[in-house]
Structure formats: C-alpha cells, structure tokens
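Written out below as structure tokens is the structure these notes cover.
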Amino acid sequence: MADIQYEAPQDLSAASALLAAGGGQARILAGGTDLLVQMKSDLIEPTLIIDIKNISETRTIAAENGGFRIGAAVPGAELGEHEALSAAWPGVVEAAELIGSTQVQGRASLGGNLCNASPAADSVPAMIAAGAVASVVGQNGARDVLVEDIATGPGQTSLASGEIVASIFLPERPPNSGDAYLRFIPRTEMDIAVVGVGISLTLDGGGVCTAARVGLGAVAPTALLVGPAADALIGTKIDDAALDNLAAATSAACSPIDDKRGTIEFRTDVAGVLARRVASIALKRAAK
Amino acid sequence: MAKHHVTTTINGDETEFLCQTEQTLLDVLRDELHLTGTKEGCGTGDCGACTVTIDGRLVCSCLVLGVEAEGHAIETIEGMADGDTLHPLQRNFIDMAALQCGICTPGVLVAAKNLLERNPDPSETEVRYWLAGNLCRCTGYDKIVRAVMDTAAKMRGA
Amino acid sequence: MPDEVKTEYKWVGKRNPRPDGVDKVTGRAKYGADLYLPGMLTGKILRSPHAHARIKSIDTSAAAALSGVKAVVTSADFPDIPKSPGPHGPIIFDFRDFSWNMMAFDKVLYDGHAVAAVAATSESIARQALKLIKVDYEVLPHVIDPVAAMQPGAPILHEDQITEGADEKTAKPSNVYRIPRGEKGDVEKGFAEADIVLEREFTTKAVHQGYIEPHACVADASDDGVELFCTTQGHFVFRSACAKILDMDISRIRVTASEIGGGFGGKNNVYGEPVAIRLSQLARRPVKIVMSRDEVFRATGPTSGAHVRVKIGARNDGTITAAEGEVTYQAGAFKGASVGAAVNCMFSPYDLENAKVWGYDVCVNRPKVAAYRAPGVPMAAFGVESVINELADELGIDPVEMRLKNAAKEGTQNIMGLKYGPIGFIDILEAMKAHPHYSAPLGENQGRGIAAGYWLHAGGISCASVNVSDDGTVTLIEGNPDIGGSRASMAAMVAEELGIDYASVRPIIGDTSSVGFSHLTAGSRVTFATGMACVQAARNAIKVASDRAAKIWGVSEDEVVWEDGHARPAGANVGDHKPMSLAEIAAKAPMTGGPIAGHAEINATGQGPATGAHLVDVEVDRKSGYVTVLRYTVFQDVGRAISPDYVEGQLQGGAVQGIGWALNEEYIYGEDGCLQNPGFLDYRVPVASDVPMIDVCLIEVPNPNHPYGVRGVGETPIVPPQAAVVNAVGNALGIRFNDLPVSPPKILKAIKEAGG
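As structure tokens, this is what we get:
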C-alpha cells in the first residue's frame, strides 16, 4: 500500500494543480476535524493530503465591499473573536461555533464544514440564510458559487476536479437586519445536529420584513434554502400568524430519514419549532 | 516513503521528530517523543483526553497530523507545572478531589488553564460549556467545575 | 462537602493527600498504554463484521508474509479448553467462554468478535496486515433481543447449551443459560390482601461503562515466563485467566497493574491480554495491544438491556403486601448476565413479607456483558421504583412516606434470607424529607422524581503486607488496582493502626508475584475487604514490634501494649520502661530477630449492603422533548467515610452515569445486528454542560463487621438515578415512561399522543 503524501503549498494555484493531479485520491486539509476522522475509520483512503493552511487567503478575515471575506480554513474560534464579524453576522458565527467542542473549534472551519457536505453541517444553514457566496478557485481561475449550490448530496459537492473553496463572502448587511441559528441536539453540546435552522431577515423602518432567507439542515440530503418559509415572513411583522406559517413551511420542506439521531416525525416537528424560535431571535437582533 | 522531518517547539523546547503522514500529533507526542501525559480516549475528537494547545489555541491532538506541527508552538500537560511548582489548577485539583481515576485530568487541566487565561472570571455555565469537550466518567463533573472556579477566584486574588 | 470531619480518628476520615495525586495532574502517571519497551511490536485484532456467522476458513498467509509482521494468531494458536463453568479457586466463571470471547473458535457471535490478530513493527503495517487476512464466513441468522431469543425457532448461539436444571437427555439447545430465583413468603396470599395491585412492564437498553481509557496491555514473554503490564481491575484474576487460556502455570505469569483510567466493572475481564501474550511468545518480542474506542464499544462488555416486569400489591395505607419481579436480561454472546444480583437486590430496600423474583440469563448476538456498577440491579430497580412511585401517586401518599412505611432496617430479612445489621435506609429517607430540595417550589414544565436503591457488596479474598524499614517508615503492599483513591484509604487505616504519621506509610499496589491473591477491585469491596487485610497486616506487624520491645525490656510478651504508635508496659508493675516508637524498635530490629513485618491473607465476610435514595428536578421543553436536569441530590448510607471527598465523588459519578443511562445512552443496532454507534459521538454520555452540581448527603451508619465501620459506597449510586430522572420527567408532563432511555423523540411523541 502506498504511503500517504503530504503537501503544504503556499498558494492556491499550486494547491489546485496538486488536487487536479491527484485525481480522486487527493484531499484538501483545512482543520482536519472531518478528514482525520474519516481516514481513521477507513471511510476514505487518500494518497495525497493537501494542507491549505499555509495559503494566506485561507486564513484571513477581511472587510470587503461592506461585507466580510472569510478564509476557508479560518477556525471557528477566530470567527467568534472577530468583533465586527460577530456584530454583523451573529447567526453565522454562532452556527460555526456550535460545531463540536472548544477543541474542535480551534480547528474546524467554514470551508471544511461546507465541503465535507454533511447534511447536518451546522454552519451551512446559517451561511445559506446569509446569502453567503463561496469563492471557488480551480485550474481555470476563480468563480463565485452560492453556498447552497456547493453540496449536491451527502459527502458530494459540485466542485470540479482541482477546485478548492478558498473563502466565503458574507455580503453587506442592510440596516435593521438580523440573523440567528439554532439546532436541536439531545445533549447540550457535542452532538451532530438533528435539525438545524438558520434565518436572516431585514426589516423596514416600520418593522415589516422586507427580505428573508431560511436555511434548513439535517432534514434532507443537503442543507436547503427554503423559499416558502421565507415567503411566510416577507411582508409581515413576524407576528404569531407569520410564525405559524413559517413553522408549517419549514416542516413541509423536510424530507429527513430515520436514523440513530432522530426519527422522521421528530425532525419534521422540531424543524417547525426551531424555525419559530430562530425567527424571533433574528427579529430581536434586527430591531436593535 | 521517507518520513517527514518536523521541527517544532514543545513546552518551550525546540524539538525534532520523524513521522509518517498518517501519524497524528497525539501519536507523535506519545509514541515518538514519549510525552505520555496526553491520552487517547477515542481518536475522533469526541472526548478531549488528547487536548493540547497549538499557538495558544486548544485542539484535539488526535485530529492534527504530526507534520502540521512544523513551525508552531505546542503546549502539553507536561509543560503546565513550573519545574517543581504545580500550576494553581493542578494543586487545586488534588486538594479538591477533582480527579478520581485521573485519565481525563491532563486534558481537563490544559483546557481549564486556557480558559482562565482568556477569561479569569468565568461563570459556572461558562466553565461547563468550555469543558464540554472533555469527557469525565468518574466525577460527574461537580468537583472539576468547583476546582476550576475556586482556582479562578484564587488567581484573581479574590 | 460533609458538614463536619470526624475528629475521633487521626487519619481515617480526614482529607489525606493521595499518593498518586501529583503524578496524575502532571501526566507522569503510567496507564496501560503508557509503557514502551525496547523492540516492542504493535498488536492489532481483526474483528467480525457479522453478528452471527460460522467461520469456514481463515487464511493468514498473506498477512504473515508482509514485511514487518512478526506474528499472526487465530484461535488455532490457543489451547483447546473444555467447557468449565467453575468455580476455579476464587474465580467463578467459565474460562472457555473467556477464551472463545477473546478469539472466536468456530463461530463469530457478535459484530466485533475477534477472529485473528497480528503483531508488527508499526501501527500502519499492523493495520495493513489485518486487511490481508481472508476470512470465509457463512453468515447465520442473528438475534439480539432476549425475549426473541427465548422463542422457539430463534437462532441458537451455543448448540451445547441447555438451560440449567433442564433434563440433559431431553432438553433442546437453548439461549437461556439459567433462571435464578428468590422467594419469601406467599405472594399470591399477599396480592389477595392488597387494596391495589399494579403490574407494569419496562424495557432498558444496553449501556456501556464508558471509561475514558481503552483497554491496553504490553506483554513480554520469555522462556522463563510472561510479564504483563495492563490496565485492569484485577491483575490476579487476569493472571489466572491468562494462565488458563494459555495453559500455563499461574506462577509463570507476572502481572503488573498500571494506573487505571476507569473501569466500573468493565475491566474485570481479559480481552486482548492473552492475545498479546501469545503474539509475544511467537514473535519473541514485547507486544502492545491498545483497543480503539470503536473496539471498546463493540467488543468489551456493556451491561444487559432488559425486559422487566414488576407487580406490587399494597394496602390503602401504603404497606406493600406482595411484590413480584420477572427480569429477562441480555447476556450477550456467552452466558452470565447478572440476573442473580437483580433477584437479590431489586426489592431489598424494603421489608417485605411476601416477595418472589426470577429472571432469565439469555444469550444473544451482542458482546458478552460485563459488570457495570451494581451489575444487574439498575434495570430492575428502574421498574420497582417506578411502580412504587405510581402506587404512591394512586394512593395519594408522599413517595418518601411510602418508602418509609416499607423501609428495611436492622433485623429485616431480605428475599435471599440475609438478615440486615444496622443499615441507614430510614435515616436517608428522613434526611431527604427534611432537605430543602424536597420542598423547593417547582416552576412550569418542571417535575420532581425520587427513587431508592440497594446493593449487596462483596467481601472476598485480599492479601496485604506491612514492611517496616529500619527508619520506622512503612511500605504497605496490597493487591488491588486503585480506581478511585483506595490506596490513600489503605494508608490511612494502616497509619491509624500503627499510630504513625500518614506520610510515613507508602502504599504500593504490588504485582502478582509480590503479594498474595487479591480478588477484583469490584463489588465495592476494596475499602472493606482489602482494608481489613491491611488492618490485619498492620496488627500483625504491631504484634511483632511489641514482642521485640518485650525482648528488649526483658519482660514477657503479654506485658506489652501498643498505644499511640508506641510499645508501652502494660502496667506500672511491669517496670519503668520508656515507651518505644515503631522507629526505635525498627532501628534495633536486626539485633532482635530481623525486620519487622506483618502480613494477612483473608477472605473477608460481613460486608454491609448500602442503600441510597436520589432526588431530582427536571424541566422539559414540551415542544421538543428536551430534558434539562435542574437539581440533583444524593442521599446514601456510606458506613464510615474513610476519605469523605472521594466518597462524595463516587456518589456524584454514579449519579451522572445514571442520568446518562436515563436520558440518552443506548446501544443502537441495525437490522443487520451490527452496532451503529460505537463511538462517543453517537453513544451519548453526559458532558459537563449537561448536568448541574450533584449535591450529596452522606449518612454514616457504620458497619459493625469492619474495624472502621466501612461499607461499600461506589455502586449503589447508579441504582436510583434512572427511575428518579424518568419519574421527574413524568411528573413534569403527567405522562409515565416505562422504557429507557427517555430520549427527546420518545418524549415528544408521548406528549403529542397525550394531546400536546
């Protein structure tokens, strides 16, 4: 059996070239909190590991065009320590910071969470709700892809050979906007989300919701952008009736499985319950 | 295939080792450097027994490759005492019976030390959530949490 | 914290520093995986992916040929052992079962069952070698539920097993090994006298002890014998098991116990140790085998999942007139579920005239069960305590009052005929009633639950040696791995007996060649039985020292007494001899006959059972079924707390394990009979943020059969939590739950079915 090669390129094009040359047997290493677990359980047997952490773009958080560009390998812990980012996008930050333990937070990244493409990834519903855009760098240069278009199924992405998510862009926030993320887990920490909901919304001066996005995780082969759930909020003051409609639309969008983490019935029910709670938090944050 | 030659700093000492790609930092600490204070409880980042810091950041060493240590500063339980003098957390864990079998203790101490460096006055809830990634099966966490908070108070001079 | 520390003793009952404390907070302490020997090889075990299959062939040739592989074994490399239920000396299990569990003989009986092993020069080569071993399986139908395993037509695990007591000539092979029973009085008469009879059925799932340290050992075999270093609750038992499985003389194996990273009963049995020895014999190099977490869950010893039926009849005033229990336990792949303990303990907190319990020890295609803290009792107690709570509810009686009404006390005789000495059950119930937690107000969606429990404890064989050095300091050698601070308690008792400073006694856990056989660190027996052995050894040393003083003074031996660390003349008439300290006598020892020492080899009896009661408040999120444990108080009769902080720790630890058992822990199997959650991600033990502080109320009713009043403390704490927590959830919602764990999907479903 061939030993595993390890490379730590200094720039994205070198990383992309290595990845393309590696065929299906090369893997990108960011935080490693998914990759190493999968290697140890023999789920994957890469022959080449490409560590992108020496590439500066993947490690920085920068203000850009009123929004933020977050390097794909920035650990979750650093997101929470970034005051401006936490103030603008508390939902995305709290979602990322729910992944694993304090120790996992020292390594796990938005890029890794997204590209690992677990249907239950915590940061993804929040990123979808935020309208986040992934900057994908490949052999043919860079292109932008909406976060909801990256995962295509459990463990599968739309990335072509040699393509790497280099950073995530969170757009500029209009005034009176707020986002939030909640997940259901059976303990207080350390569990994979049984269902996760992220909502981002914007209010006008009169408190009416003018824009909303709802991201839903762990209840389908990929995280979902739920249009009808957002429609339930837009044009309303997010009163009880709107929340009822939101909950119903969120539950209706679920197509989960029964597994060791939850039943179909449970996930569908709780998706609606969480949607209400997330919307209320996002509303409070938007009204501040 | 040739092994990686890694140069890193461990507990303040410049250290070199050889490792295969697939050896984790935990494997290297224990099997190559014989720093066996850091423990393997699960190998998948779910128990925290392998907790160390890299550049002051808490990580599970079972989820870091040995080769990734190149150029960074690692701190393990072996570096926590200052020569003969125990860190206040270590002293207090003994005095307040915050360990029974002791297998989780190195990981808990490294994590708790990092907490107190960042937040010298944590609430009980903050301590519990910070340590959620450190499983203990013997104590039920009560005396661990008490010892951390008591140490925080002592270190603040409160 | 206890309100007052005992002052009548100098060391016993005080906060003495632990000998291993500094090593454990600095990372210096050596656990099972922490030993590295020159030339050491890495051993790895190949395991079955099937729940039940016949092994048609195993081809290890490619693995053996791989460069770096130094030895390969299958069951063919181990001696054939006949079926031998025992007892074998002090050990009462069937060594053939342990051999066939350690490595499958002709069938694999569970997902994870070992089939082969290799030793290689690196971990990666060992892993590669396992992949090269070809096993040809004939997959068989499997059964994992014990009730299903008892039905006609169920897959049979052991063709040569018939139910104990059945006619050997006519009985068909059965998955039921035995049906332990206990009976007292006449339950039919008792039920007839009852004003109310409730009969309920409960189910519990298999759970694992969850110790954080995986099993690990290093074996170093030479022509002279074997050195084994391992994490274990009983290195003497391991020695016997390895000797039997490998057909070696017991004295040829020397086992050194490492520090142990948790056991709770799960490290009472050998798994990889004989394999490591055999590999080392073949490779002629030391071999280390460390289990992965996946292997620990799949292939060590969880405790039984169970079906429990409880029927209790009571008068309107709450007096229980009859109680009946029927339990059906998973034994796993080989016989030996702790049904006997269930029979013994489930109704034993109570003084009952009429009681009857029986249970089924049933083989199923799961890992062979091992003890888990009060083995066999939590599942049964879950049923009993839930029914008592329901009865109290129906009768409008406070649940503590109901228990007080039926409480066992000194002189009560239980279902096994054991007559209790002084026990503190009434005391702890009164303490609970009087505690502020009991009457604290509850908010919306909050509920309160209580439950009681009893565990019988073990005595057993322990040996100890006290050797006095010529400077008067003492080495205490005992033979029990220290799971929770016991060596400090041993040193305290010896210091107390000798009348010397605690710091002058160094306790050592001797290897199996250095001290006599000591049984497992289990059954909460160590402070009791090994403590007794240490005390006896100290007293024997005192006798020697006193006799030397007599010699020095020229008086007869019965004219010397030992008081306060000194030999003294028994009376003024003996003469004006200055008292001599142990150090002074020891300094003269070479001239008076040789070193001062005492030893003891005992089989301790008279252990006292322990009763406990737990009180818990929870809050339930009605919309999601999520449970928060708000407040928890443990009440327990602890005999005498030799090391109070550590006694508290036992109660807190057991309570939190019980909370996990109640809310989230369970073995989850697929249709294929394979374990779906063999890791800490999906096997959900409580984390620090899941639980509140665990308040503890220690009640001391000393056990008169021990020199310091000791009764075991470590096991009873895991008996009440399940019923207490589940009843609290039920109390919050007005819904009863009879199946563990009460995970959120179950709770939410029940809420919706009850109308939201």
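Protein chains in written order, with our numbering: chain G, 1 to 288; chain A, 289 to 446; chain V, 447 to 1202.
Built from N, CA and C at the ideal position, the CB exists for glycine as well.
Around the C-beta of V:K814, 16 or more other C-beta atoms lie within 10 Å, and the residue is accordingly described as buried. Taking a contact as a CB-CB distance under 8 Å, the pair A:N380 and A:A399 does not count as one, their CB atoms being some 15 Å apart. Between G:A279 and G:L225 the beta-carbon gap is near 15 Å, outside 8 Å, which marks them as no contact.
Counting only runs of at least 4 residues, the region 762-840 of chain V fully encloses the following alpha helix (DSSP H) elements, listed from N- to C-terminal order: 785-791. Annotation for G:K40: the continuous alpha helix (DSSP H) segment containing it runs 35-40. Among the residues facing chain G, V:S568 is not included, as its CB has no counterpart in that chain under 8 Å away. Close to chain A, meaning a Cβ-Cβ distance shorter than 9 Å, are the following residues of the region 69-90 of chain G: P75, A77, E78. The C-beta of A:P394 comes closer than 8 Å to at least one C-beta of chain V. When CB distances to chain V are screened at a threshold of 9 Å, not a single residue of the region 291-303 of chain A falls below it. According to the DSSP secondary-structure assignment, V:A667 is paired through a beta bridge with V:V672. Under the three-state reduction of DSSP output, V:D1022 falls in the coil class, being neither helix nor strand. Counting only Cβ-Cβ distances below 7 Å, G:M190 has contacts in chain V at V1133, in chain order. Taking the C-beta atoms as reference points, V:P592 is found nearer than 8 Å to V:T774. Proximity of G:D51 to chain A, defined by a Cβ-Cβ separation below 8 Å, is satisfied.
For G:L85, DSSP records no beta bridge to any residue. Annotation: A:G359 to G:T60 spans about 19 Å, alpha carbon to alpha carbon. At a cut-off of 8 Å between beta carbons, V:T1074 makes no contact with chain A. With the criterion set as a beta carbon lying under 9 Å from some beta carbon of chain V, the members of the region 424-436 of chain A are C424, R425, C426, T427, G428, Y429, D430, K431, I432, V433, R434, in sequence order.
Under the 10 Å beta carbon count, G:S251 is surrounded by 16 or more other beta carbons and is classified as buried.
The continuous stretches of alpha helix (DSSP H) do not include V:W457, and DSSP gives it neither H nor E. Secondary structure of V:G1058 (DSSP, three-state): strand.
Put simply, the CB of G:T58 is far from chain A, with every gap to its CB atoms at 8 Å or more. Contacts between G:Q5 and chain A, judged by CB atoms closer than 7 Å, involve T309 in chain order.
Ranked by Cα distance from G:I238, the first of G:D204, G:R261, G:L36, G:K260 is G:D204. At a C-beta separation below 7 Å, G:G262 has these neighbours in chain V: P1191. Within the region 361-380 of chain A, the residues whose Cβ lies closer than 9 Å to any Cβ of chain V are, in chain order, T364, I365, E366, M368, A369, L374, H375, L377, Q378, R379. For V:M548, no chain A residue has a Cβ inside 7 Å of its Cβ, as the nearest lies near 22 Å away. In the structure shown, the three-state DSSP call for G:E172 is coil. Assigned with DSSP and collapsed to three states, V:A1046 falls in strand. Looking only at V:T1038, V:Y455, V:A968, V:F963, the smallest Cα-Cα distance to V:W999 is reached by V:T1038.
Under the 8 Å criterion on CB atoms, G:D240 is classed as non-interfacial with respect to chain V. Going by beta carbons, V:Y1078 and V:A1101 fall inside the 8 Å limit.
For G:L170, no chain A residue has a Cβ inside 8 Å of its Cβ, as the nearest lies near 23 Å away.
Contact of A:R416 with chain V is assigned, a C-beta pair being separated by under 8 Å. One alpha carbon belongs to V:P868, the other to V:H1152, and they sit about 12 Å apart. Among the residues facing chain A, V:I954 is not included, as its CB has no counterpart in that chain under 8 Å away.
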